[in-house]
Amino acid sequence: MSAYCAPQELHDLAFRYAQAVDRRDADQLLSVFTNDGAVMGFGENPISFRGEAGLRDMTEKLAAFRMTMHNVYNQTFEADASGNITGETYCIASHILPGDDWRLMDMSIRYHNSYRETAGGWRFHERRLEVLWVETRAVSPFVASMMKEDLGDFV
């Protein structure tokens with residue numbers, strides 16, 4: 095494997111994936127995967143969502159959280175001698191947990207990706223989700239009065 099200077103289209107897949115997951119938009123999620131694409135666990139992570147039915151199921155299961163925010167960071171890409179493209183994407187995925195109090199669970203994630211070029215452009219073939227650690231803490235929902243209380247003359 096050698097480093098691969100990926101086109102912007104490959105980078106954008108991770109951003110569009112994050113947007114689709116956070117909006118719980120199954121159609122948008124499907125648009126970044128091949129027809130047989132999958133989100134699978136890595137290491138001890140047991141998740142497995144393959145194909146259209148599996149990815150739609152994943153989107154529905156996100157309703158367990160009040161909301162999510164996936165923040166995409168480092169992305170690296172490699173190509174093998176046959177031209178197959180793989181890569182890693184770092185992400186902090188914030189999840190507001192269910193319940194009356196606002197609790198945030200941040201997952202530090204490394205996605206292990208494989209890509210395929212299709213007639214419609216580049217797509218994820220598989221994303222293997224490795225959770226490195228989790229942090230949970232109390233947070234507050236936004237209310238308009240915070241702008242004046244916390245930012246003073248800014249507003």
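Read in order, the letters of the sequence shown are residues 95 to 249 in this note's numbering.
Quick reminder that beta carbons are idealized off the backbone N, C-alpha and C, glycines included.
- Beta bridge pairing from DSSP links residue 200 with 188 and 229.
- Residue 120 carries a helical assignment under DSSP once its states are collapsed to helix, strand and coil.
- Partner residues in the beta bridge of residue 169, as assigned by DSSP, are 183.
- Exposure of residue 103 is indicated by the presence of fewer than 16 other C-beta atoms within 10 angstroms of its C-beta.
- Around the beta carbon of residue 185, a 10 Å sphere encloses 16 or more other beta carbons of the protein chains shown; the residue is thus reported as buried.
- Per the DSSP secondary-structure output, residue 96 pairs in a beta bridge with 173.
- At the C-beta level, residue 127 and residue 166 stay beyond 7 Å of one another.
- In this structure, residue 153 keeps its C-beta atom at 7 Å or more from the C-beta atom of residue 117.
- If you look at residue 137, you'll find it isn't in any alpha helix (DSSP H); DSSP assigns it neither H nor E.
- For residue 131, the number of other beta carbons within 10 angstroms of its own is at least 16, and it is reported as buried.
- Scanning its chain for C-beta atoms nearer than 8 Å, with the 5 sequence neighbours on each side dropped, one finds around residue 232 the residues 195, 196, 197 and 198, in chain order.
- Of the residues 187, 183, 133 and 236, the one whose Cα lies closest to the Cα of residue 147 is 133.
- Within the DSSP secondary-structure output, residue 221 pairs in a beta bridge with 133 and 207.
- Across the set 100, 114, 120 and 125, the C-alpha of 125 shows the shortest separation from the C-alpha of residue 213.
- Straight across, the Cα-Cα distance linking residue 236 with residue 123 is about 27 Å.
- One Cα belongs to residue 188, the other to residue 143, and the distance between them is close to 20 Å.
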